Every structure is written in structure tokens, then in C-alpha cells.
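A.B. asks: This is the structure I have questions about; it appears just below.
Chains as they are written, first to last, in full-length UniProt numbering: chain P, 1 to 755; chain G, 1 to 755.
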């Protein structure tokens with residue numbers, strides 16, 4: 001654990017610039033607007049260690065796969081979030097000398113991410129050549145105008161003498177991905193223009209051998225300042241604008257750099273892209289800084305009105321949940337169905353890909369409650385649109401049907417670890433579950449009947465081919481899988497995977513009865529296919545242990561040396577940083593919920609005794625070394641009235657990045673697991689469920705807290721749930737009357753109250 | 001299958017130069033003398049595809065490990081056989097123009113590896129600039145003087161006019177390994193000398209980050225020719241000598257290039273190495289080409305006297321077995337206990353490392369019969385000398401004792417696939433078995449008691465820590481292994497692994513009773529340790545099936561879809577080139593003997609019914625896609641009197657490379673599996689065993705053959721075994737009288753007969 005920012009309910013704020021923590025600081029002060037985003041690195045020159053990262057949603061590059069030993073079926077490329085052309089770059093000069101924030105004397109440093117407005121503020125005084133200059137800098141990527149990056153400098157001469165100040169503002173295509181497999185650069189400059197007030201550049205991704213689309217990027221700098229523009233040297237990979245001026249003692253000036261960033265994702269061709277760039281630039285030029293800033297901040301305020309979680313009596317918990325909501329909304333707010341929740345959002349390069357099964361397992365329930373149904377539908381549609389890729393992936397393994405990828409941009413699998421790529425096929429189950437979850441929450445089966453059924457059919461076909469029939473046991477089995485617990489690989493009959501496979505087949509069979517005849521025909525499912533699916537449903541094998549009353553994680557799990565996690569010496573935790581992979585695999589230790597993930601998904605389908613027996617057996621064997629683990633355990637613990645355990649689990653999710661729990665936040669934030677803290681509060685502490693079209697709550701408040709309050713969207717209503725030590729209330733903020741269930745009792749919410 | 005050489009009992013010969021088969025041709029015409037060797041690439045310029053490879057035994061480089069995804073416990077480097085400085089290079093000129101054997105018109109081409117003499121002969125006519133010049137070229141690496149490479153040209157002017165001929169002879173350090181992980185070069189030039197008659201170079205491997213030794217190479221060219229030496233240009237990475245002369249029509253001349261190659265493996269420091277290089281050069285210079293050649297050929301003839309296998313009635317089989325013996329002896333003839341049997345010998349770069357468990361499993365029984373006991377002892381000692389590395393490897397996995405590596409040069413594991421590196425631990429069993437096998441064959445337990453016991457103790461300590469006790473089953477188990485069948489990974493209780501673990505513990509316990517008190521004390525084995533070992537021996541778990549009467553390959557193997565190999569469509573074979581890795585893993589198909597490997601090792605410990613039931617069950621499920629598989633099956637089939645099956649299996653080993661069965665001989669030869677064809681004949685067809693200090697045979701002759709004859713060494717005797725359709729005889733060629741068993745009857749061999 002390492003806490004480098006102050007505890008504050010609405011701010012991520014620090015007054016120290018510690019070089020060894022620079023990358024960590026950058027990760028934590030990342031901002032984004034769903035369309036683009038960036039780490040909190042400086043615009044200005046900083047010659048110490050830093051990870052510069054600017055990312056554009058959906059813009060990627062197929063980097064040649066790197067492996068030690070090739071396995072048949074591996075994908076040819078690994079799709080990589082690529083570091084965009086560096087369009088935020090600004091070199092400062094004082095009396096003609098370049099400022100280096102790593103070497104020059106800096107004082108009065110403040111770094112402050114205001115989560116309420118989505119603006120990153122920095123201020124510092126540079127002491128150079130006997131001069132003292134104060135800089136106050138605000139940066140945002142507008143949620144009102146997605147193509148707009150804006151950074152605004154206030155410069156104040158604190159010296160006794162005049163000082164010449166210079167801004168060398170650039171768009172620089174000489175960028176690298178730190179995680180490039182073969183140290184290649186991914187961008188090339190198509191053309192540049194060098195207007196004195198603001199240059200522009202068109203860049204494109206280099207050709208690739210894999211037939212994936214190339215991306216074009218158009219960037220226009222717009223500068224607003226009273227400083228004088230000067231001629232700038234032309235370089236091959238950069239466009240430069242220079243502005244200079246002299247400040248008298250105590251004089252102040254401002255410098256604003258706006259960059260309009262358009263991509264070929266939104267335009268038919270390069271001329272259209274140029275035209276779009278020009279049009280947006282014109283619109284944005286016409287507006288004042290104050291207006292642009294206000295429009296952005298207003299939309300963030302609106303988001304908070306709909307989604308804020310307030311916690312009384314625990315500022316650290318309060319900051320944690322807001323930070324998570326802020327970063328999730330910065331990553332994805334549902335505007336673009338071609339995008340998804342990347343594992344690091346716009347905060348780092350690691351892991352590549354645009355989407356993991358995290359989206360369906362942990363993202364969908366979050367967006368279902370905090371955004372309009374269309375947002376979640378967009379997430380579902382993302383997979384629907386990639387169904388061809390999923391069929392391709394199954395075919396790569398010699399199988400029928402659709403296998404959704406572990407990691408992808410375009411639906412084609414791009415991950416290359418056989419035990420994950422080929423074997424962690426339970427991911428397919430979450431794709432089906434998300435359709436069920438959406439339909440259950442919204443009460444609207446239109447998506448299911450029109451598009452979801454195509455996805456379900458593809459997945460069912462995969463399962464039906466992936467199982468095999470064991471003559472010896474006279475049951476269907478699934479061999480060679482990795483369950484959600486990635487600390488076991490290539491196991492047979494992972495209970496969760498078998499369960500999700502059977503459930504998908506059952507749900508598909510049931511859903512097919514709802515779709516109209518035309519659709520059924522278009523799906524082309526034969527009677528033999530249906531009979532096979534039903535046979536698998538009827539004769540699927542599940543490992544279980546009657547003595548223990550548990551579902552067994554996989555065939556030989558109970559043969560292991562089943563000592564609890566508490567028996568591991570503290571200095572050997574986390575085991576993934578201290579043990580060989582071999583030792584981890586042979587151990588009984590579970591990285592994240594596995595059997596319990598299945599029970600969480602279908603909580604109401606299991607008896608209290610079943611839930612209790614499995615939780616009591618598996619939780620003590622679980623090391624929670626996946627950021628996705630604690631939330632599920634918090635929710636199940638709350639369901640079992642293990643309140644202390646629920647709170648303990650919540651604490652592990654809420655400030656994971658703020659306190660750098662896993663010691664890897666330098667690489668970027670754990671975006672997808674950030675939903676976990678919200679789920680732990682809402683589905684855990686407040687016990688929110690949807691049963692038979694009724695929303696229900698059964699809340700408790702952690703002993704350490706005074707109260708908490710959150711909002712949920714449910715079928716056109718906005719509800720506010722308030723829980724304190726005395727009890728809980730649910731208020732209807734907007735929408736039609738609704739009867740909910742609170743602690744087992746129906747409560748009619750008849751008319752909206754003021755928020 | 002692809003046969004590009006003619007069938008001939010003593011020659012590998014072709015009259016065609018086919019550019020698309022060039023690499024295949026090069027692999028098959030590799031030569032070596034145990035100390036160094038090379039592929040059959042040309043000395044001369046050849047601008048088409050070629051894989052130049054010259055290798056020096058024990059000279060390697062630690063190439064940075066390349067992986068897609070790092071696992072804890074992976075080694076930092078992959079030890080690579082490195083392509084030596086190219087000291088054989090010769091550019092020919094005709095009237096000053098460089099000859100390019102890929103572009104110039106070549107006729108009357110012959111490529112002929114004479115296996116009896118170990119000399120590679122080439123001849124061709126170059127038609128260039130209206131001239132016709134015939135070249136006859138002989139190359140060998142001397143088995144009489146290990147440091148000597150010799151190439152001898154006979155040049156004949158067939159033109160009507162005089163022709164100026166030139167030889168540009170080089171030592172060139174500008175070489176690459178095709179399989180370098182990061183495209184780096186591994187050699188740097190330390191210094192060069194430029195004498196007109198023969199330059200020399202000292203080169204060394206580049207510094208590395210891994211603390212492994214650097215190698216220095218000293219090379220001295222000695223040229224014998226009547227052509228005139230000329231000044232040669234100096235270049236950074238090469239030493240060059242140029243010789244020119246004019247041949248009148250029909251005139252002939254000769255050009256001989258000798259290179260003396262010494263390495264730091266044999267010298268204390270660079271001055272000593274220079275001194276050694278000078279001394280050997282002086283000795284060699286004094287000798288005539290004829291003498292050098294004869295000394296080399298004589299020693300090869302001697303090898304054949306001791307080891308030849310003659311087959312009557314099947315020239316292809318005859319050529320196959322001789323080719324295998326030739327290449328095995330070229331790779332390793334037992335002179336240097338620091339060396340071992342590399343998987344590709346001196347014929348290619350692939351796989352890296354100097355030794356695999358192949359040596360102990362398939363190499364030791366071969367050398368036991370075909371060389372003095374000291375040779376096999378050297379092989380055993382190689383592991384003894386690397387025991388520290390084996391302890392290190394176990395420690396990397398958090399385990400006690402010694403784990404011998406999958407791939408290594410120095411005892412430290414350098415392979416990096418978790419399912420192999422960490423899990424294919426059965427290799428440890430073969431290290432122990434080789435000690436047993438050596439002791440049984442030689443009847444001498446000195447090695448066992450002095451050094452072998454240290455190895456056995458280390459391995460037993462590993463097994464004792466690697467097993468775990470299953471509370472549920474009240475038995476010891478071994479989870480998370482890959483057996484010899486690499487088409488299943490991370491299985492539990494692989495029968496073979498469990499069997500070898502228990503056997504090692506038993507054998508160690510028994511052997512400890514033989515060693516003297518001092519040694520026992522030095523080993524420091526506590527009473528508790530002995531008791532634990534005995535407990536594991538007593539309570540080891542073995543999967544078995546009483547109905548089928550078989551040992552089960554691993555815990556859930558019988559749950560698989562057990563269709564025989566014959567059900568796989570022919571166009572999907574071999575499955576490793578047609579199926580995804582995922583599909584292979586889930587299939588029941590076995591790459592190479594697994595349960596049957598254990599039965600082969602301890603053939604006399606199983607009943608006929610046990611052998612039959614297991615063979616009948618497993619063989620139909622075995623695809624034999626490892627070159628190590630067929631031999632074991634041939635031997636077992638012969639033991640079960642399945643003669644046709646034995647012959648079928650033999651056929652798959654004998655010409656594996658000659659007929660490019662696996663379509664990968666371009667990369668180099670399958671050296672270690674070459675012992676398989678010999679084992680199939682001797683232990684299979686001839687049924688050779690050692691039981692209670694008695695050598696026994698129970699031969700049959702394949703229907704397709706007239707007869708076969710082979711030699712074996714046994715306890716100081718050389719025996720000749722002759723088998724034909726009428727029966728079999730065993731003759732004592734040299735050594736004291738001996739009683740053997742032939743077809744169950746004792747036969748006294750009283751006095752040597754003439755060979």
C-alpha cells in the first residue's frame with residue numbers, strides 16, 4: 001500500500017512532486033471523456049522517468065505476436081492500445097532557456113484532480129536564472145465537445161525584473177509504445193500545416209500485415225494568447241508553434257492551447273476528416289475559454305447528480321468510490337457502441353485490447369443502474385457486432401459456433417497464452433449472462449429477441465461442440481479449461497464453466513420459444529441440434545461433494561493439500577509475486593471467485609445452505625489477487641449476513657489504485673474492477689436485487705460508517721437510496737410511481753421527491 | 001516424406017542441386033567430430049536460400065529469454081548453440097569474377113557424403129565467361145586431430161583457353177544465429193593477423209548479463225597450394241587470404257585450406273590458447289594432405305568395425321541405420337565428459353541447449369553397447385557435475401532437492417514453457433534410471449556408490465518435496481505434471497511420473513545400503529528423511545483401471561473420448577500440424593510412449609498380461625509424433641511377438657531424416673532419436689536384455705529382410721550377433737569367455753572368432 005495523495009472527498013490532490021512516484025502520480029491523475037484521454041504526465045519538458053500516454057478510444061495497432069514457443073491456433077497479432085501522436089506537448093522557456101521540471105528548481109507545487117468538474121489543475125513556481133515565475137495550469141478533455149483537448153496557463157511574473165516567457169507548442173508524432181513487442185513506432189506523418197497561430201497534422205498508423213484497418217488522425221492546434229507568435233523550425237515528425245512575450249514584474253498573462261482531434265473512425269475518408277477537423281475547429285475557436293470550461297464542468301455535475309454515492313463518516317471510502325466512478329465515466333459513458341471498457345481505460349498501455357469479460361461480468365450491472373438502458377444495450381451490441389469474429393475464433397480451434405475473445409478490438413482473439421486464449425472459455429458464459437441480466441433488469445426482451453438470440457445461438461453451438469461425452473461416466477464433460485480462477489490451468493470440469501455452459505444452453509432453448517418464426521428460421525437451428533442441446537442440459541456432469549455439501553471447483557480439486565490462506569506466511573503474500581508459477585498452480589489457492597462467481601450470477605437459484613457451505617469452503621482458500629475478486633465476495637458475504645467480511649472485502653476494492661494495493665498502478669488504473677466497489681455497496685451492503693420484475697433492497701450500514709446514499713436508474717425511474725444506522729429509505733427522484741421491496745416488504749413510491 | 005538422396009549402403013549421394021531443397025541437403029550432409037561440426041553448406045558463395053551453420057561442442061551463448069507472458073520461475077536466458085565464426089568460407093573467382101553457385105551455370109553436380117570415411121565430397125563444373133572449370137572438393141573435420149577442419153580442391157581447366165582462377169579464403173566473424181531472440185550477433189573480434197599464407201583470428205563471445213562464461217575462439221588458416229598468395233584487403237570482421245593463378249587448357253591444380261580451431265574450453269587463458277593454436281598449427285602444417293586424410297578415414301573405419309549394423313536384402317534400411325550411426329558418432333563419441341548429445345548435434349541451431357532427457361533415455365543404452373563403459377560414465381558424470389544447477393532449478397520452484405533441467409548447457413534450466421520447464425519433471429526419473437541402467441549393464445557399482453548416489457539423493461529429495469499428501473485419498477500424489485506424452489499438459493498423477501518417483505526413492509533407499517559410512521554421512525540424510533521416503537514408497541497413488549487391466553496415464557484420462565488414431569482422417573495427420581493446440585490437448589492422442597515408457601524401462605518387472613493389456617490399449621491411441629516414440633513401441637511389440645507391428649515401428653525411425661518424414665529436417669537432424677532405430681533392432685528384433693548379469697537375446701528377422709548383423713560391447717567383450725531366416729548366432733570377437741542366453745538357452749562363448 002502506498003498513499004501519495006491526500007484524502008479529500010472530491011479531489012485527488014498532492015503538494016509534492018516526487019520523481020520516484022511520478023508514474024504513479026500520472027496514472028492517478030488520468031482524465032478522459034470516453035473518446036480520448038491521457039495520463040497525468042506534464043505538457044512541459046520533464047527529463048526524469050515518466051510514462052507519456054495519450055489514447056484515443058478504438059484506435060489501435062496490430063503488433064506482431066511475441067511468444068517463446070508457438071502453439072497452433074495462436075493469433076498472428078496482439079491488438080495494442082497505441083500511444084497517440086503527442087498533441088499536448090508544450091516546452092516552456094524563461095529568458096530563452098528551456099524549462100525542465102525535473103531539473104529546474106520548482107516550488108509551491110500542487111497537483112489537483114477535481115473529480116466534480118473533471119479538470120486537472122497544476123500550479124508551481126519555477127525559479128530559474130534568478131527569476132520566479134508562477135504557473136497555474138488547467139487541463140481537460142471536454143465531455144461537451146469530445147474532440148476538444150484544452151490546456152490553459154496562467155503565468156505570473158513574481159520576479160523583481162521583467163522576464164521573457166516562451167511557449168513552444170507542438171504536435172509530435174515521434175512517439176513510442178513502451179510495450180511494443182518489437183520496439184517499432186506505429187505512426188507516420190501524412191501531412192502538416194504550419195500556420196503561425198496553430199499548426200495541424202494528419203498522421204496515420206503504419207501499414208500492417210494483418211488486414212486490420214489503419215487509422216488516420218487529424219489534429220489542429222488553436223492557441224489563444226496575447227503572446228506573439230514567432231516562426232518555428234520545421235521538423236519531420238512535428239508541427240511547432242512558438243509564442244513569446246515579456247512580462248513586467250507582477251504582470252500576468254494567459255496562454256491557452258486547444259487541440260481538436262478527429263479520427264478516421266468518424267469520417268469516411270481523409271478529405272471528409274479534414275473537413276470535419278476544420279468545421280469543429282471553427283466552432284471551437286468561436287467560443288471563449290470560460291464557456292468551453294463551463295460546458296464541460298456542467299456535464300460532469302449532471303453525471304454526479306445521477307450517480308453520486310455519498311458516504312458519511314469515512315472520507316477515505318468516500319474518495320475511493322468517487323475516484324472509481326470518475327474514472328469509469330471518463331473511460332466509458334456509453335455514447336459509442338463501437339467502444340467498450342478497456343482494462344486500463346485511457347490510463348496506460350498494459351494488457352492491450354479494448355474489452356475483456358470484465359465488461360459483461362462487472363461493467364454491465366454497473367451501467368444498468370447508472371445509465372440509460374441504451375448504454376448497456378450499446379455494450380451488448382458491441383459483442384453482437386463482433387459475432388463474426390467469435391465464429392472465427394471458434395474455427396481457429398476447430399470448433400463450431402462462436403467463441404468470444406479474451407482480448408480484442410475487433411472480435412478476433414489477440415491474446416496468446418494457450419491456457420487463457422484457448423481454455424478460459426467460461427468468458428462465453430458471461431456474454432450470454434449479460435443478455436439475461438439486461439433483460440431481467442430492464443424488463444424489455446426486444447434486444448434478446450432481435451440480436452441477443454443470435455449471440456446465444458452462436459455460444460450454444462460452441463458449447464455443444466466443446467463438450468464431449470464420457471462413455472465411462474455417461475455424462476457430458478468439458479475438459480481442458482481455465483476457470484475464473486487463473487491459478488489453476490487446463491483443468492477438467494471446472495464447475496463454473498460447466499454450469500455456465502449448461503445454463504446458456506437452457507436459456508437459449510427457452511429464449512428461442514420467444515422469438516418469431518422468421519428469426520427462428522434465419523438462425524437455422526435443426527431439430528437434431530435442439531435435441532443435442534437438451535441432452536447436454538440433461539446429462540451435464542458437475543463435480544460435487546455431498547459430505548461437504550459443495551460444488552467442487554474441478555475434477556481433482558479436493559485431492560489438493562487444502563490448507564487455508566491464513567496458513568501462508570505473510571511475507572509470501574501476494575503469492576503471485578513470491579511463488580513460482582508451478583507452486584501456485586499446485587496450491588489450492590484461488591485467485592478470484594470461481595464457484596462463487598456462478599452462485600453470485602444466479603444468487604436466487606441457490607439455497608441459503610448451498611451459498612453458505614460454498615462460501616465457507618472457498619473463501620478461506622481465496623487470495624483475492626485479482627482486482628475482480630473482492631466485490632463478488634462482499635456481495636455474497638452481505639447476502640449471508642457476514643457483515644464484517646463484507647466490509648473487509650469492500651475495503652479491498654474501494655481504494656485499490658488510490659492506495660496502490662497491488663503495487664502496479666504505475667502501469668495505469670484497474671478500470672474494469674472499479675465497478676466492484678459500487679457493486680459491493682449497492683448489491684452488497686444495500687442488497688439490491690431484481691426478482692420477478694421487482695427491485696428490492698435489504699440494506700445494512702457498515703459499523704464504521706454513519707450513512708451512505710446512492711442513486712439507481714430502474715425502468716425509467718431515478719431512485720435515491722439512503723441508509724444510516726437507524727434504517728433505510730428509498731426515494732423516487734424522477735419517473736412514474738413504482739412499488740419496490742425494502743427488507744422484504746413492498747414499498748410504494750408514488751411521487752417524486754426533490755433530490 | 002521426401003527422399004532427395006539416392007539409396008546406397010554407404011553413401012548419402014545426390015546428383016542434383018535443387019535450390020528449394022538446399023537446406024534439407026545441407027542438414028543431411030552435415031559432418032562432425034564430436035568437437036566441432038557443420039552443416040553441408042558450401043564454402044563458396046551461394047546467393048540463394050541457405051542455412052550456414054558451424055558449431056563447436058560446448059560453445060554457447062545465453063540469449064535473452066523471449067516470452068509473450070512471463071511466469072514466475074522462468075529462467076532469465078535461453079542457452080543457444082551458436083553459429084561459430086565462419087572459418088570455412090571461400091569465394092572462388094574465374095577470370096576475376098566471383099563465382100555464385102546459385103546464379104552461375106553449374107553442371108555435372110555431385111554431392112556425396114561417404115559415411116565409411118566421414119568425408120564429404122562435392123564436384124561440379126562451372127560454366128562462366130565461356131570457360132569450363134571442374135571442381136572436386138573434399139571436406140572433413142578430423143576425428144584424428146579434433147581441431148582440424150580440412151577442405152581440399154582439385155581444379156581442372158576444361159576450357160580451350162587459359163583461365164585465371166582465384167581463391168578468396170576467409171575467417172569471417174560477421175555471422176548471425178537465425179534463431180537469435182533479438183537479432184543480435186554473438187561474436188566480436190578480439191584480434192587478427194594477416195600473414196599472406198594464412199591469416200588467423202581470435203574472437204570472443206560478447207559480454208552477457210547472466211554471469212555465464214564467455215568463450216574465446218582461436219582460428220588459424222593454413223593454405224597449401226601452388227597458386228600465388230596476394231595481398232588481401234583488411235576488413236573489420238574478417239581475415240582474408242587471396243590466392244590466384246592461371247591454368248592452361250587441361251591443366252589441373254589443387255588448393256587446400258586447413259583451419260585449426262581452438263577454444264577457451266581447453267585453455268586456461270588467451271595466451272595459452274594462442275600458444276596451443278600455434279603448436280597445433282605447426283604439427284598440422286608438417287603433415288601431408290594424404291596423411292591427414294588417411295588418419296581420419298582409418299579412425300572411422302575402426303568405429304565401423306566395432307559398431308556396424310549390416311542388413312541384408314533392404315538397402316534403404318541399411319542406409320538408414322548407417323546414417324543414424326554415422327551422425328550419432330559425429331555428434332558424440334564420448335571423448336569429453338563436458339559434452340553431451342545435443343538434440344540437433346552439429347546440424348542445426350534449433351532447440352538450443354546441449355542436452356535433453358533423451359540422452360539418458362535413449363542415448364545411454366546405445367553407448368553402453370557400442371562404446372567403452374567410460375563413454376557412458378562420461379555421460380552420467382555430465383549430470384553429476386551439474387548437480388548444483390539441478391539444486392538451483394528446484395529452488396527456483398520453491399522445492400528441495402535436485403531437478404535436472406529440460407534444456408541446458410551448464411545444469412541451469414533455460415527452457416521457458418511452464419508446462420514443460422516446471423512440469424515435465426519425469427526427466428528426473430531418467431537421470432536416476434541411467435545410473436541403474438549403467439550399473440546393470442556393466443556390473444560395476446563403483447560409479448553408483450561414489451557419484452551416482454549424490455545424484456540419486458538429490459532427485460529423491462526433490463520427489464519427496466514435490467509429492468503432496470491427499471487427505472481425502474490418504475495417499476501421496478503428484479499434481480501438475482506433463483508426462484512424456486507432451487500432448488497432455490498439467491495433468492495430475494501421470495502414472496509414469498509417479499512410477500519413476502517411487503522407483504527412484506526405492507532405488508535410492510536400496511543404494512544407500514551399499515555406500516560406505518563416510519559417504520552416507522556426507523550426504524547428510526536424516527532418519528526422518530529416510531522414513532518419509534519409505535512412507536512415500538509405501539503410499540504412492542497410481543491411477544489404474546481393473547476392468548481394463550491397465551495403468552491409467554493420469555487421473556481423468558479415461559474420461560476422454562477414447563477413439564483410436566485410426567479414426568482420425570488421414571488429411572488431419574500429423575495432428576500437430578493440423579489441429580489447434582487446444583484440440584490436441586483435449587484429445588486422447590498420445591505423442592510418444594508414456595505408460596509404455598515405464599514398462600519399457602522395467603520390462604522384466606511386468607507380467608506378459610500387463611504388458612499386453614497396456615500395449616493393446618495405448619498403442620492404438622498413439623500418434624508417434626515424437627521421433628522418440630516408435631523405438632519403444634518396436635521393442636515392446638517385439639517382446640509381445642507382434643512382429644509386424646515391431647517392423648512398422650522400426651520403419652518409422654530408421655529413415656526419419658533421410659526421408660524427411662516429419663517435414664522439418666531442414667532445421668537439422670533428429671540426432672538423439674537416431675538411437676531409436678538401433679534400439680529397435682538390438683533390443684527389439686534381437687531381444688537383447690541384461691538379466692541377473694547375463695546378456696540374453698531372443699531374435700527374429702523381419703520377413704522383408706534376409707539377415708542382419710550387429711556388434712555389441714558387453715563387459716570387456718565384443719560380440720557379433722547374426723540373425724537370418726534360419727536362426728541366429730552370437731560370436732565372441734574379442735575378450736574373455738562368456739556365457740550368454742540365446743532364445744532362453746545358455747550358450748557358452750569360449751574363444752574369440754575372427755570378425
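From the three backbone atoms N, C-alpha and C, an ideal C-beta is built for every residue, glycine too. Please read these numbers as outputs of a predicted model, since none were measured by experiment.
Report yes if the C-beta of residue 374/P is less than 7 Å from at least one heavy atom of the ligand ADP; otherwise report no.
C.D. replies: Looking for the ligand ADP in the displayed structure turns up nothing, as the structure carries no ligands at all.
A.B. asks: Nearest to residue 752/P by CA position, among 451/P, 720/P, 725/P, is which residue?
C.D. replies: The shortest C-alpha separation from residue 752/P is found at 720/P.
A.B. asks: Taking the beta strand (DSSP E) that residue 392/P falls in, what are its first and last residues?
C.D. replies: Counting along the chain, residue 392/P falls outside any beta strand (DSSP E), though it belongs to the alpha helix (DSSP H) covering 387–396.
A.B. asks: By DSSP, does residue 755/G sit in helix, in strand, or in coil?
C.D. replies: In this predicted model, residue 755/G has a pLDDT of only 49, less than 50, meaning its place in the structure is not dependable; the value taken from the coordinates is given anyway. Here residue 755/G sits in coil by DSSP.
A.B. asks: DSSP state of residue 194/G, grouped into three classes?
C.D. replies: If DSSP states are grouped into helix, strand and coil, residue 194/G belongs with coil.
A.B. asks: Cα-Cα, which of 145/G, 666/G, 170/G is closest to residue 23/G?
C.D. replies: Nearest C-alpha to residue 23/G: 666/G.
A.B. asks: Got a sec? Which residues, its chain only, sit under 8 Å from residue 278/P by beta carbon, not counting five neighbours each side?
C.D. replies: 220.
A.B. asks: Give me the chain G residues within the contact set of residue 422/P, using Cβ-Cβ distance strictly less than 7 Å, ordered along the chain.
C.D. replies: Result: 580, 581, 582.
A.B. asks: Going along chain P in order, which residues have a C-beta closer than 8 Å to the C-beta of residue 65/G?
C.D. replies: The answer, in chain order, is 68.
A.B. asks: Within the continuous beta strand (DSSP E) that includes residue 241/G, where are the two ends?
C.D. replies: Run containing residue 241/G: 238–247, per the beta strand (DSSP E) assignment.
A.B. asks: Using three-state DSSP, classify residue 406/G as helix, strand or coil.
C.D. replies: DSSP places residue 406/G in coil when its eight states are reduced to three.
A.B. asks: Can you give me the C-alpha to C-alpha distance between residue 622/G and residue 327/G, rounded to a whole angstrom?
C.D. replies: Approximately 27 Å between the Cα atoms of the pair.
A.B. asks: Which ranges does the alpha helix (DSSP H) cover as unbroken runs of at least 4 residues, wholly within the region 312–339 of chain G, from first to last along the chain?
C.D. replies: Here the runs fully enclosed are 315–331.
A.B. asks: Give me, in chain order, the residues of the same chain whose beta-carbon lies closer than 7 Å to that of residue 1/P; leave out the 5 immediate sequence neighbours on both sides.
C.D. replies: Answer for residue 1/P: 659, 660, 661, listed in chain order.
A.B. asks: Using a cut-off of 9 Å between C-beta atoms, extract the partners of residue 540/P located in chain G.
C.D. replies: Going along chain G, no residue has its Cβ under 9 Å from residue 540/P, so there is no contact; the nearest lies around 14 Å.
A.B. asks: Quick one, which residues of the region 541–559 of chain P are near chain G if we go by CB-CB under 7 Å, in chain order?
C.D. replies: Cβ contacts with chain G: 555, 556, 558, 559.
A.B. asks: Counting only the same chain and skipping the five closest in sequence on each side, list residues whose C-beta sits under 6 Å from that of residue 452/G.
C.D. replies: Excluding sequence neighbours, residue 452/G sits near 435.
A.B. asks: Could you round the C-beta distance between residue 497/G and residue 481/G to whole angstroms and report it? I think they count as a contact, below 8 Å.
C.D. replies: The pair is a contact, with the Cβ atoms about 5 Å apart (cut-off 8 Å).
A.B. asks: Answer with buried or exposed for residue 182/P, where buried requires no fewer than 16 other C-beta atoms within 10 angstroms of its C-beta.
C.D. replies: Exposed, since its Cβ has fewer than 16 Cβ neighbours within 10 Å.
A.B. asks: Please report the residue range of the beta strand (DSSP E) in which residue 157/P lies.
C.D. replies: Residues 148–157.
A.B. asks: Please list the residues of the region 371–398 of chain P that have a C-beta atom closer than 8 Å to any C-beta atom in chain G, keeping them in chain order.
C.D. replies: Listed by position, the residues of the region 371–398 of chain P near chain G (Cβ gap below 8 Å) are 396, 397, 398.
A.B. asks: Going by C-alpha distance, which of 97/G, 127/G, 99/G, 94/G is nearest residue 105/G?
C.D. replies: Closest option to residue 105/G, Cα to Cα, is 127/G.
A.B. asks: May I have the straight-line CA-CA distance separating residue 669/G from residue 4/P, to the nearest angstrom?
C.D. replies: Roughly 59 Å separates the two Cα atoms.
A.B. asks: Quick check on DSSP: helix, strand or coil for residue 187/P?
C.D. replies: Strand, per DSSP.
A.B. asks: Between 110/G, 420/G, 543/G, 523/G, which lies nearest to residue 456/G when the distance is taken from Cα to Cα?
C.D. replies: Answer by Cα proximity: 523/G.
A.B. asks: Are the region 283–299 of chain P and the region 675–685 of chain P touching, with three or more C-beta to C-beta distances below 8 Å?
C.D. replies: Judged by Cβ distances under 8 Å, the region 283–299 of chain P makes no contact with the region 675–685 of chain P, as fewer than three pairs qualify.
A.B. asks: Exposed or buried, what is residue 226/G when buried is set at 16 or more other beta-carbons lying within 10 Å of its beta-carbon?
C.D. replies: Counting Cβ neighbours within 10 Å, residue 226/G comes out exposed, since fewer than 16 surround it.
A.B. asks: Leaving out five residues before and five after residue 697/P in sequence, what residues of the same chain have Cβ atoms less than 6 Å from its Cβ?
C.D. replies: These residues qualify, in order along the chain: 686, 687, 688, 742.
A.B. asks: Kindly list the residues whose CB is nearer than 6 Å to the CB of residue 7/P, restricted to its own chain and excluding five residues on each side of it in sequence; keep chain order.
C.D. replies: Within the same chain, residue 7/P has close Cβ partners 315, 316, 319.
A.B. asks: Count the other C-beta atoms from every protein chain shown that fall within 10 angstroms of the C-beta of residue 602/G, then say buried if there are 16 or more, exposed otherwise.
C.D. replies: Exposed, because fewer than 16 other Cβ atoms sit within 10 Å of the Cβ of residue 602/G.
A.B. asks: I'd like to know if residue 573/G contacts chain P, where contact means its C-beta is closer than 8 Å to some C-beta of that chain.
C.D. replies: With 8 Å as the cut-off, residue 573/G does not count as an interface residue toward chain P.
A.B. asks: Excluding sequence positions up to five away, which residues of its chain have a Cβ less than 8 Å from the Cβ of residue 597/P?
C.D. replies: Once the five neighbours on either side are set aside, the close Cβ partners of residue 597/P are 361, 484, 496, 632.
A.B. asks: For chain P, find out if any of its Cβ atoms is closer than 8 Å to the Cβ of residue 586/G; answer yes or no.
C.D. replies: By this cut-off, residue 586/G is an interface position.
A.B. asks: Residue 55/G and residue 346/G: beta carbons closer than 8 Å?
C.D. replies: A contact, by the Cβ cut-off of 8 Å.
A.B. asks: How is the alpha helix (DSSP H) around residue 164/G delimited, first residue to last?
C.D. replies: Counting along the chain, residue 164/G falls outside any alpha helix (DSSP H), though it belongs to the beta strand (DSSP E) covering 163–172.
A.B. asks: Residue 23/G lies in the beta strand (DSSP E); which residues open and close that run?
C.D. replies: That residue, residue 23/G, is in no beta strand (DSSP E); its alpha helix (DSSP H) goes 22–28.
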